[in-house]
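Q: Once you've had a glance at the structure underneath, I'll fire off some questions.
In this note's numbering, the protein residues as written are 6 to 365.
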């Protein structure tokens, strides 16, 4: 006998099909209009026509906003457990790597884990999005409300660290813990470090193309999308995002991700950074002053960084450790920009430890 689906499974299926359902309802409405009008008595035809035209205009106006409000999100685990919301990197990123490798494992450890893609990034397609922090905050607030949560724990990865830091600063009453994971916090310091060390590597490797590229980058507007893009290309060229010695576990985790469903939905919106730099004034920022003040607002601050993450200088790591506190700052060795993949077991253990700490 076929097993029926539960309520939560039904809701999940409904949410997945919501964009399609909206389209189908709109098409059905559009098809019914002429048939209904044909059945209206002639004396009332003009009034009925005006009513239907008005309703049609409202539907046509509201539908784009309904589509725009549909963010991709998925929850793992029991809603009664402590919540963890993963804030992915970007702009141009998504949560597929975390979701495909780590979300369920954290849920199995007793957490309610939510992975989502920010508006106009990844699977949350929205051609009318502005890609501003305000927009991201509105969506995160709606997400918290959607899942019936009051206070959450945020895992901010890479650029998601900046998003989550600014959110925690603006809405401290909604954030229990902010866990920075390979998170950006002083963007220009990172860019300077990448370009300075990259130039040295280019000279050592007799790589004139990379050296000339770095020279060109240094002529660009430091608050522009091209500057950021090309700087990270230099970081990728010299392996700043890769762990130095892959382990059996990291190889397995990567292979499972590549073979799974989430790697196939690794959608990247190349226009996202362009829109962000066009519409947002707070670009290329330093959040250290904000991080210093979070504890006074009741937000518990933690950090998990890879010792081999090439986009941060030793001084940056030291500065952040002083802000977070040595006993709340976790360094994982043989680990770069993606601790939840590079050293997954160690990462999971540390997150569990962070979530269970009571000594504040």
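In this text, a Cβ means the ideal position worked out from N, Cα and C, and glycines have one as well.
Going by other Cβ atoms of all chains shown within 10 Å of its Cβ, with 16 needed for buried, is residue 221 buried or exposed?
A: Residue mapping note: residue 221 aligns to position 216 of the chain shown, counting from 1. Residue 221 should be labelled exposed.
Q: Check whether the Cβ atoms of residue 171 and residue 90 sit closer than 8 Å, and answer yes or no.
A: The residue labelled residue 171 in the question sits at position 166 within the chain shown. The residue labelled residue 90 in the question sits at position 85 within the chain shown. Going by C-beta atoms, residue 171 is not nearer than 8 Å to residue 90.
Q: Can you round the beta-carbon distance between residue 76 and residue 124 to whole angstroms, since I take them to be within the 8 Å contact cut?
A: Here the question's residue 76 lines up with position 71 in the chain shown. Here the question's residue 124 lines up with position 119 in the chain shown. Contact flag correct, Cβ pair sits at about 6 Å.
Q: Apply the 10 Å Cβ neighbour rule to residue 327 and answer buried if 16 or more other Cβ atoms are within range, or exposed otherwise.
A: Along the chain shown, one-based indexing puts residue 327 at 322. Label assigned to residue 327: exposed.
Q: Should the segment 321-339 be regarded as contacting the segment 293-301, the criterion being three or more beta carbon pairs within less than 8 Å?
A: Yes: at least three Cβ pairs fall under 8 Å.
Q: Between which residues of its own chain and residue 350 is the CB-CB distance below 8 Å, once the five residues before and five after are set aside?
A: By one-based count along the chain shown, residue 350 stands at place 345. Closer than 8 Å at the Cβ level, and outside the excluded window around residue 350, lie 254.
Q: Taking just the CA atoms, how far does residue 324 sit from residue 267?
A: As a position in the chain shown, residue 267 is number 262, starting the count at 1. As a position in the chain shown, residue 324 is number 319, starting the count at 1. Residue 267 and residue 324: Cα-Cα distance of roughly 35 Å.
Q: Once you ignore the five residues that flank residue 122 on each side, which residues in its own chain have a CB closer than 6 Å to its CB?
A: Within the chain shown, numbered from 1, the residue matching residue 122 stands at position 117. Once the five neighbours on either side are set aside, the close Cβ partners of residue 122 are 77, 99, 100, 128 and 129.
Q: Quick check on the DSSP output: the alpha helix (DSSP H) that includes residue 216 runs from which residue to which?
A: Translated into the one-based positions of the chain shown, residue 216 becomes position 211. 213-222 is the extent of the alpha helix (DSSP H) around residue 216.
Q: So residue 138 and residue 285 are supposed to be a Cβ contact under 8 Å. How far apart are they, rounded?
A: Sequence index remark: in the chain shown, residue 138 carries index 133 (1-based). Sequence index remark: in the chain shown, residue 285 carries index 280 (1-based). Going by Cβ atoms, the distance from residue 138 to residue 285 rounds to 6 Å, so yes, they are a contact pair.
Q: Strictly by DSSP, which residues pair up with residue 160?
A: Against the chain shown, residue 160 aligns to sequence position 155. DSSP output for residue 160 lists 91 and 184 as bridge partner(s).
Q: Could you check if residue 195 is buried or exposed, using at least 16 other CB atoms within 10 Å of its CB as the buried criterion?
A: As a working note, residue 195 is residue 190 in the chain shown. Counting Cβ neighbours within 10 Å, residue 195 comes out buried, since at least 16 surround it.
Q: Rounded to a whole number of angstroms, what is the C-alpha to C-alpha distance between residue 301 and residue 307?
A: Taking the chain shown and counting its residues from 1, the one referred to as residue 301 is at position 296. Taking the chain shown and counting its residues from 1, the one referred to as residue 307 is at position 302. About 14 Å.
Q: Report all residues from its chain with a CB closer than 6 Å to the CB of residue 168; omit the five preceding and five following residues, and keep chain order.
A: Working through the chain shown from its first residue, we reach residue 168 at position 163. Same-chain partners within the cutoff: 92 and 141.
Q: What are the boundary residues of the beta strand (DSSP E) that includes residue 335?
A: Mapped onto the chain shown, residue 335 falls at position 330. Note, residue 335: beta strand (DSSP E), 334-337.
Q: What does the Cβ neighbour count give for residue 147, buried or exposed, with the cut at 16 atoms within 10 Å?
A: As a working note, residue 147 is residue 142 in the chain shown. Residue 147 is exposed by the Cβ-count criterion.
Q: Consult DSSP for residue 230 and reduce its assignment to one of helix, strand or coil.
A: On the chain shown, residue 230 is found 225 positions in, with the first residue counted as 1. Helix at residue 230.
Q: Answer yes or no: do residue 335 and residue 362 have a C-beta to C-beta separation smaller than 8 Å?
A: For this step, residue 335 is matched to residue 330 along the chain shown. For this step, residue 362 is matched to residue 357 along the chain shown. No. Outside cutoff.
Q: Given residue 79, which residues of its chain have a CB within under 6 Å of its CB, disregarding the five upstream and five downstream residues?
A: The residue labelled residue 79 in the question sits at position 74 within the chain shown. 120, listed in sequence order.
Q: I'd like to know if the segment 235-244 and the segment 212-226 are in contact, where contact means that at least 3 CB-CB pairs between them fall below 8 Å.
A: Contact between the segment 235-244 and the segment 212-226 is present, because at least three Cβ pairs lie under 8 Å.
Q: Using the rule of at least 16 other Cβ atoms within 10 Å of the residue's Cβ for burial, across every protein chain shown, is residue 358 buried or exposed?
A: Residue mapping note: residue 358 aligns to position 353 of the chain shown, counting from 1. Burial call: exposed.
Q: Note down, in chain order, each residue of its chain lying with its Cβ closer than 7 Å to the Cβ of residue 200, except the 5 sequence neighbours on either side.
A: Taking the first residue of the chain shown as 1, we reach residue 200 at position 195. The answer, listed in chain order, is 219, 222, 223, 236 and 239.
Q: Compute the Euclidean distance between the alpha carbons of residue 126 and residue 279, then round it to the nearest angstrom.
A: Taking the first residue of the chain shown as position 1, residue 126 is located at position 121. Taking the first residue of the chain shown as position 1, residue 279 is located at position 274. Computed Cα separation, rounded: 12 Å.
Q: Can you tell me whether residue 290 is helix, strand or coil according to DSSP?
A: In the chain shown, residue 290 corresponds to position 285, counting from 1. Coil, per DSSP.
Q: With a 10 Å radius around its C-beta and 16 neighbouring C-beta atoms as the bar for buried, classify residue 184 as buried or exposed.
A: Counted from its first residue, the chain shown places residue 184 at position 179. The residue in question, residue 184, is buried, as its Cβ has 16 or more Cβ neighbours within 10 Å.
Q: If you reduce the DSSP assignment to three classes, tell me which class residue 273 lands in.
A: Locating residue 273 in the chain shown gives position 268, where the first residue counts as 1. Residue state, collapsed to three classes: coil.
Q: Go ahead and label residue 207 buried or exposed: buried means 16 or more other beta carbons lie within 10 angstroms of its beta carbon, across all protein chains shown.
A: Position 202 of the chain shown, counted from the first residue, corresponds to residue 207. That one is buried.
Q: DSSP has residue 78 in a bridge; who is on the other side?
A: For the purposes of this step, residue 78 is identified with residue 73 of the chain shown, where counting begins at 1. In the DSSP output, where bridge partners are listed per residue, residue 78 has 121.
Q: Kindly identify the DSSP beta-bridge partner or partners of residue 166.
A: Mapped onto the chain shown, residue 166 falls at position 161. None, per the DSSP bridge assignment.
Q: Tell me whether residue 304 sits in a helix, a strand or coil according to DSSP, three-state version.
A: The sequence position of residue 304 within the chain shown is 299, counting from 1. Here residue 304 sits in coil by DSSP.
Q: With DSSP run on the structure shown, which of helix, strand or coil describes residue 341?
A: Numbered from 1 along the chain shown, position 336 holds the residue referred to as residue 341. Of the three classes helix, strand and coil, the one that applies to residue 341 here is coil, per DSSP.
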